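For reference, the structure is listed below as structure tokens.
In our numbering, the protein residues as written are 15 to 410.
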């Protein structure tokens, strides 16, 4: 697994590392020396997998979408992360990290959130473990994901609307890091994606890898083989994608296709297609591809999807794209919305707008009839109903 995974210095090829303020150095070093020991500890594993089974509802089903398969002329399986408790893949990671935080003696949890799914998942595990929870969320996202903001409050979290910048995910992350700098000793920062300083990208990928672990077993049962021909997932920070592909990285026969958010089009100036548009830079503690101006200022991303609206990308995904291991397609707002309505009509499943970007790949690739294609349906569409309703009105 070494070829595509993190090295001992926290890098994936030229991407990654830990570029952090001095005040956080001890915290991050401590985490770096602790996380592998804890994650591999049999007692941790038992507690983690028991909670995934009895609290989250795993394994999540691998569903053969017959009508969708018929339309696109191949075998399409949906990995149903939308059926997890809290409605997305995010809970796989927050349960693991809260168990780690407990073992490290931390008492206060902070998090950032865009679409609100990671915020809800963090607030959920904090309620479960009786820990203080503060969630930073861009004011724009609080507005467009009202339901999730209210859920977090009901779960006992303090939701802090962030009014700097574009008031979205990047700005929420900036505030969370500021908070962490002010409370380094008692606070644990649960990062929701494969972003941030090492060891976060690797830790989040490992906790989400339960997705690919299950896909292998489920495909063996359904198709008589562990490996699909194609794996498809949406990518913003990159956690559901990392989880979906983790156990297949060294299987060259498995094609990896990731969908990033093109917003109103790659060249429109309103996009979040970081792998297409980004240049090497440093954001939130890691060196990665970053949307930036000529003089290195971060450019504001745009996507209809709050969860993909980020100007950077996890270092693992930057490396996979650069080395050619993954193919990255840019899917526009309109294409994603079309696919969301199509899935709803053909399969009776309303996906999150983020996941609808992954479905957007179906219209852009040609598959053979014998191809087995697994798409990570990373979340459900409850949180996006207002957007869908507005889009429907527009289209009438």
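Beta carbons are placed, not taken as given, at the ideal position from N, Cα and C, and that holds for glycine. This structure is a prediction, so every number in the text was calculated from the model and none was measured.
**Request:** Compute the distance between the beta-carbons of residue 108 and residue 152, then report whether it is under 8 Å.
**Result:** no
**Item:** Span of the beta strand (DSSP E) around residue 172
**Value:** 172-176
**Item:** 8 Å contact criterion, which residue 31 and residue 212 should meet: CB distance rounded
**Value:** 6 Å
**Message:** Can you give me the C-alpha to C-alpha distance between residue 51 and residue 318, rounded to a whole angstrom?
**Reply:** 39 Å
**Message:** Check whether the region 96-112 and the region 391-400 touch, using three or more Cβ-Cβ pairs below 8 Å as the test.
**Reply:** yes
**Prompt:** Helix, strand or coil: how does DSSP classify residue 415 here?
**Reply:** The first residue shown for the chain is 15 and the last is 410, placing residue 415 beyond what the model contains.
**Message:** Contact between the region 152-172 and the region 285-297 is defined here as three or more beta-carbon pairs at a separation below 8 Å; is this criterion met?
**Reply:** no
**Item:** Boundaries of the alpha helix (DSSP H) in which residue 253 is found, first to last residue
**Value:** 253-259 is the extent of the alpha helix (DSSP H) around residue 253.
**Request:** Look at the Cβ atom of residue 439, then the Cβ atom of residue 313, and state whether they are nearer than 8 Å.
**Result:** Residue 439 falls outside the range modelled here, since the chain spans only 15 to 410, and no answer is possible.
**Request:** Pick helix, strand or coil for residue 306, following the three-state DSSP scheme.
**Result:** Residue state, collapsed to three classes: strand.
**Inter-stretch contact (C-beta, 8 Å, three-pair minimum) for the region 212-232 and the region 246-262** = yes
**Request:** Please go through the same chain and pick out, in chain order, the residues whose beta-carbon is closer than 8 Å to the beta-carbon of residue 253, but skip the five residues on each side of it.
**Result:** 103, 104, 107, 206, 207, 208, 218, 219, 222 and 328
**Contact check, residue 250 vs residue 322, beta carbons under 8 Å** = yes
**Residue from 359, 273, 408 and 293 whose Cα sits closest to the Cα of residue 341** = 273
**Prompt:** How many angstroms separate the CA atom of residue 37 from the CA atom of residue 293?
**Reply:** 28 Å
**Prompt:** In angstroms, rounded to a whole number, what distance separates the CA positions of residue 77 and residue 111?
**Reply:** 28 Å
**Request:** Using 10 angstroms around the beta-carbon of residue 5, count the other beta-carbons present and answer buried if the total reaches 16, otherwise exposed.
**Result:** The requested residue 5 is not part of the displayed model; the chain covers only 15 to 410.
**Ranges of the beta strand (DSSP E) found wholly within the region 282-327, counting only runs of at least 3** = 293-297 and 300-304
**Asked** Do three or more CB pairs link the region 395-405 to the region 293-313 at distances below 8 Å?
**Response** no
**Item:** CA nearest to the CA of residue 56, picked from 128, 269 and 113
**Value:** 113
**Prompt:** What is the rounded straight-line gap between the Cα of residue 191 and the Cα of residue 216?
**Reply:** If I take the Cα positions, the gap works out to 19 Å.
**Item:** Segments assigned alpha helix (DSSP H), at least 4 residues, entirely inside the region 75-127
**Value:** Runs of the alpha helix (DSSP H) inside the region 75-127: 80-86 and 104-117.
**Request:** Kindly indicate which three-state DSSP category residue 50 falls into: helix, strand or coil?
**Result:** DSSP places residue 50 within a helical segment (H, G or I) once states are collapsed to three.
**Request:** Using beta-carbon positions only, say whether residue 388 and residue 18 come within less than 8 Å of one another.
**Result:** No, the pair does not count as a contact, with Cβ atoms beyond the cut-off.
**Asked** For residue 44, which residues of its own chain have a beta-carbon under 8 Å away from its beta-carbon, when the five flanking residues on both sides are left out?
**Response** Within the same chain, Cβ atoms closer than 8 Å to the Cβ of residue 44 are found at 118, the five residues on either side in sequence being excluded.
**Request:** Please say whether residue 120 and residue 214 have beta carbons closer to each other than 8 Å?
**Result:** no
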